Each structure stands twice: as structure tokens, then as C-alpha cells.
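K.L.:
Let me begin by handing over the structure; questions about it come next.
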Amino acid sequence: MATKNLSEYDLASVPSAFGMKFGIVVAEWNYEITGALAQGAVDTLKKHGASEEDIYLKHVPGSFELPLGAQFMAEYTDADAIIICGCVIQGETRHFDFICDGVTQGMTELNLKYNKPFIFGLLTTDNHQQALDRAGGRLGNKGDEAAVTAIKMVDLKRQMIK
């Protein structure tokens, strides 16, 4: 169980996002949650220097569609990193497992195929309250964490190719 506020981090440890370009793909399913995750990511990217014009935001119907939406973002934009924002809440059937496994596998493949950061901002919770807690609630916003990860990974890649 999470005990840490996901929005708390050392500001000095995050490089400037100035000049970096980011794609954000958001699932429409559970939009109360996913919209909050996306807003957290956008706000954090801007806080660290990314401009509005360098943040591309697109929506897909549900979490299962996130990997393909992220692939489209990689192919049709010049994003340096792509963040997904989704939420799958455990129900009474195994649907939860199939969706989570599919998104996880898809995102792993994209990271390796495109040699660019695809950031996993998918909440996989047991209930709606746990999702709210991680989307701007008492545990902060996982979207903030995803944005910080994206910035750090773009910076790492730039350091490696110098």
C-alpha cells in the first residue's frame, strides 16, 4: 500500500524540460481519474519549463487502447517522450488482469521498439477510492510522477547521445 505522497519530490533533482516535447495519451474510461492524472502531468511539465506548444494531448476510449495511442503519438509527432494516463479498477471478473497485462506488455514493447521513453501512468487499483487517492487525492497525483520520470528519461537519453 502506498504511504508516500506521489507529488512530493526533490525539485532540484529534475532537469529543465525547456525544449523537450511530450505526448500524453489519456484514456476516456474513468475520466474523473485519468483527466486528473493528465492535468497533473501537464502542470508538472510546465512547472519544469516545457511550453504549452510542446505538450501534445490526445484521448483514446479506454486503457487497452493506450499502447496504440502512444504508438501513434510516437509515429506522428516529434515527442521526445510519451506518457500514458489510464486507470483500471478491479472488478468481479478477470477483465482487470487482461487489460493490465496487455497495457504493460504493449508499453514495454514500445519503449524498446522506438528507443524513446514511454512512461507508464496506468493506475491499477482495487477500488475507486484508491484511484482517487492517487489522482490528486491524499497520496498526490501519479501524473506528477509520470511527468518527472519523462523529463528525467529524456534528459538521460540526451546525455547518452552527446
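Residue numbers (my numbering): 1 to 162.
Note that CB positions come from ideal geometry on N, CA and C, so glycine has one too.
Please read these numbers as outputs of a predicted model, since none were measured by experiment.
1) Can you grab the Cα-Cα spacing for the pair Ser7 / Asp144, in whole Å?
2) Using 8 Å for Cβ pairs, my map puts Val26 next to Met73. What's the rounded Cβ distance?
3) Sort Ser51, Glu109, Thr104 by Cα distance to Leu123 and report the nearest one.
4) If we ignore side chains and look at the alpha-carbon of each, how far apart do Gly19 and Thr149 end up?
5) Indicate whether the contact test is met: 3 or more Cβ pairs, each with one atom in the segment 31-45 and one in the segment 68-87, closer than 8 Å.
6) From the DSSP output, which residues share a beta bridge with Asn141?
7) CB-CB under 7 Å to Pro242, same chain, minus the five flanking residues each way: which ones, in chain order?
P.N.:
If we stick to the structure as given:
1) Near 6 Å, if we compare the C-alpha coordinates of Asp144 and Ser7.
2) Contact annotation, Val26 with Met73: C-beta distance approximately 11 Å; criterion of less than 8 Å not satisfied.
3) Comparing Cα-Cα distances from Leu123 to each of Ser51, Glu109, Thr104, the minimum goes to Thr104.
4) A direct Cα-to-Cα measurement between Gly19 and Thr149 gives close to 16 Å.
5) Yes, the segment 31-45 is in contact with the segment 68-87.
6) DSSP lists Ala135 as partners of Asn141.
7) Missing from the structure shown is residue 242; the chain here goes from 1 to 162 and no further.
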